[in-house]
Amino acid sequence: MAERPLRRQTLEVGATCGKAACVDLCGALSNERPYREVSSRLHHEGYIGWSEYERNQELLAANAYGKAGGVKSGRGGRALLPGLLSCGRCGRRLVVTYAGRGQGYPVYRCERGNTMMAQARCMSFNGFRTDAAVAREALEAVAPMAIEAALEAEQMQLESEARRRQMIEMDLQQARYEASLAERRYAACDPENRLIAAQLERNWEATLRRVETCEARLSEVQRIEPVDAIPDLTGLAQDLEAAWNAPGVDMRCRQQLLRALIKDIVADVDDDARDVVLTIHWHGGQHSQVRVRKPKSGEHGQSTPEEALAVMRSMATRWSDAEIAATLNRMGMKTGQGKTWTARRVQSLRTVHKISGYRSSDKNGEWLTMSDAAAKLGVSHVKIRRFVRDGILPAEQVMRGAPYQIRASDLEDERIKADLARKSPRIINDDNQKSLFPAI
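Counting in the working numbering, the sequence shown runs from 319 upward without gaps.
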C-alpha cells in the first residue's frame with residue numbers, strides 16, 4: 319500500500335530511470351528519484367491519499383538504515399543515541415562502537431571519514447555520560463508538559479463524568495414520561511377489554527422497572543462526589559524518571575520515545591575545556607545546549623564523586639574519619655561503587671588522594687560543630703542557626719547539607735553575649751540523658 323501507485327489515487331506509465339552519481343569520492347553510486355513519463359494524481363479513488371503517501375515515504379526513508387543521512391529509528395542495543403548524533407565538524411553521522419571487556423561500554427565516534435578516505439577522526443567520546451545527560455535534558459523538558467497533560471486528562475475525566483450524569487438524567491426523564499403515559503393509557507382503558515387491559519398493565523410495569531433502573535444508575539453516579547480541588551501533580555517529574563529507569567523498559571522503547579522529542583543532536587568537543595558540547599534540536603524548532611565533561615585518563619564510572627571529596631577535604635583536619643563517614647551518609651552520598659561510607663573507607667580514600675587528617679584523636683577545640691557550639695553556650699540548635707542566619711556567628715559550609723564549621727573564638731563575640739544576656743528560657747542539660755541527634 320505504501321509503495322504501489324494504483325493504491326494511492328495515481329496512475330503512472332513509463333519506465334524507471336535513474337541517474338548514477340558519485341557520492342563522497344568513494345565510488346558509491348546513488349540513484350535519483352525515478353522519472354515517470356505519465357503521472358496523474360487523483361486518477362481514481364485509492365486506499366490512501368497523496369499526502370498520506372508522501373508522509374509514509376518520508377517515514378520509510380528516515381527509518382531505512384541502508385541509506386545515508388536522516389535520523390534513524392530506534393532499534394535497541396545498549397546505547398541511547400545511535401543514528402541521532404551528527405558531527406559538528408564534518409556533518410556526518412556518528413557511529414557507536416563498544417570498548418572494554420565483556421560487553422563493553424558505548425563510544426560515539428566520527429568514523430566515516432577515516433573508513434572511507436583514511437582521514438583523521440573528528441571526535442570520540444564516552445557514551446554513558448552523554449546518554450545520561452541527554453536523558454536528563456529530555457525528562458526536564460517533558461516534566462512541565464506531563465503536568466499539563468495530567469491536568470488536561472483530569473479535566474477531561476470530570477467532563478466525561480458530567481456528560482454521563484446528564485445522559486442518565488435525560489434517560490430518567492424519558493422513562494418517567496413513558497411511565498406516566500402508560501399509566502394514563504391503562505386508566506383510560508375499558509375494564510371490559512381484559513386482553514387490552516392486561517397488555518397495557520404489562521407495558522406500564524415495564525416502564526416502571528425502567529424508571530427504577532435509571533434511578534439506581536443515577537444514585538450510583540451521585541454517590542461519587544466530584545472533586546473540586548486540583549490534585550497535586552508536582553511529583554510527576556519523579557514519576558517520569560522512575561518510569562524511564564524502570565527495569566521493564568527496554569532500550570528500544572527509550573530510543574523511540576527520545577526520537578519523538580528530539581529531531582537531531584549536533585556534537586562537538588571542546589578540547590580546551592575537555593567538554594562534549596551537544597546542541598539538541600527539538601521538534602518544534604527549539605534548540606538547547608548541554609555540556610558533558612569528558613573523563614580524564616584513568617577515570618572510570620566507579621570513581622568517588624567530587625562532592626564527597628570536597629566534604630572530606632574540608633572536614634579531614636578537624637574531625638575523625640568516623641564523623642566524616644557519618645556526615646557523608648547523612649548527606650546521602652555513596653562511594654564510587656554505590657556503598658555506604660565507613661571510617662575505614664574514608665581512611666583508605668584519604669590515603670589514595672593524599673588528604674591528611676588531624677593528628678590527635680582528641681579535638682583541639684579550635685573548630686566546633688553546631689552541636690558543640692550549642693552545648694558550649696547552653697542554648698538550642700535553633701538559636702545557633704539564627705546566629706548564623708543573621709550573620710552574627712560566622713560559619714563555614716563546604717556545600718548545602720554539609721555540617722557547619724564554627725570557630726570557637728567566634729563564640730566570644732559581644733553581640734552573642736548581649737543576646738544571651740537577655741532573659742530567655744534556658745535549656746537544662748542532663749549528663750544522663752541521651753541526645754536524639756548525635757553530634758556531627
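The C-beta atom is built at its ideal place from N, Cα and C for all residues, glycine as well. Just so you know, these numbers come straight off a predicted model, no measurement behind them.
By Cβ distance below 7 Å, which residues in the same chain neighbour residue i in space, the five residues on each side in sequence not counted?
i    : result
D588 : V595
V706 : A713 and Y722
R311 : The chain is shown only over 319 to 758; residue 311 falls outside these bounds and no answer can be derived.
E487 : L536
G395 : M569
D449 : A397, L398 and L399
P613 : N444
L412 : L403, S404, C405, Y426, R427, C428 and A585
The alpha helix (DSSP H) spanning residue i covers which residue range?
i    : result
T415 : Element bounds for T415: not the alpha helix (DSSP H) but the beta strand (DSSP E), V413 to A417.
S666 : A661 to H671
V539 : R512 to R541
M688 : M688 to L695
Q655 : Q655 -> no alpha helix (DSSP H), and no H or E assigned at all.
R572 : M569 to R577
N432 : R430 to M435
N647 : D639 to R648
R733 : E732 to A739
E625 : E624 to M633
I702 : H699 to R707
Would you call residue i buried or exposed, if buried means 16 or more other Cβ atoms sit within 10 Å of its Cβ?
i    : result
T525 : buried
R373 : exposed
R577 : buried
W659 : buried
D417 : The question names Asp, but residue 417 is Ala in the sequence shown. With fewer than 16 other Cβ atoms within 10 Å, it is exposed.
A497 : buried
Y275 : The structure shown does not extend to residue 275, since the chain is modelled only from 319 to 758, so the question has no answer here.
L476 : exposed
D568 : exposed
Y371 : buried
D508 : exposed
T669 : exposed
N444 : buried
R527 : exposed
S369 : exposed
C408 : exposed
S632 : buried
G364 : buried
K701 : buried
M630 : buried
S404 : buried
R502 : exposed
S698 : exposed
A739 : exposed
L711 : buried
A626 : buried
A480 : exposed
A516 : exposed
Quick one: residues in its chain with C-beta nearer than 6 Å to the C-beta of residue i, no 5 flanking neighbours on either side, listed in chain order?
i    : result
A591 : none
S606 : I598
A500 : N521, W522 and T525
V608 : A451, E455 and L596
Q715 : Y722
S621 : G654
A313 : Any property of residue 313 remains undetermined from this structure, which presents the chain solely from 319 to 758.
R430 : R410
For the beta strand (DSSP E) that residue i lies in, which residues bound it at each end?
i    : result
D593 : D593 to W600
V587 : I580 to D588
S442 : S442 to N444
R611 : H605 to R611
S727 : Neither: S727 is in no beta strand (DSSP E) and is coded neither H nor E.
R427 : Y423 to R427
S404 : L403 to C405
From the beta carbon of residue i, is the nearest beta carbon of chain B less than 7 Å away?
i    : result
R503 : Among the chains of the structure shown, chain B does not appear; only one protein chain is present.
Could you check how far apart the C-beta atoms of residue i and residue j are, in whole angstroms? I think they sit under 8 Å.
i    : j    : result
I583 : L402 : 5 Å
D593 : R572 : 24 Å between Cβ atoms; not a contact.
M688 : I724 : 7 Å
A634 : G675 : 5 Å
Q665 : D639 : 5 Å
L558 : A461 : 6 Å
E533 : L579 : Not quite, the Cβ-Cβ distance comes to about 50 Å (not below 8 Å), so this is no contact.
A736 : L686 : Contact doesn't hold; Cβ gap of about 20 Å is too wide.
Just to confirm my understanding: we take residue i, look at its own chain, exclude 5 residues before and 5 after, and list those with CB closer than 8 Å. What are they?
i    : result
R483 : L536, V539 and Q540
E519 : Y504
K694 : L686, A726 and L729
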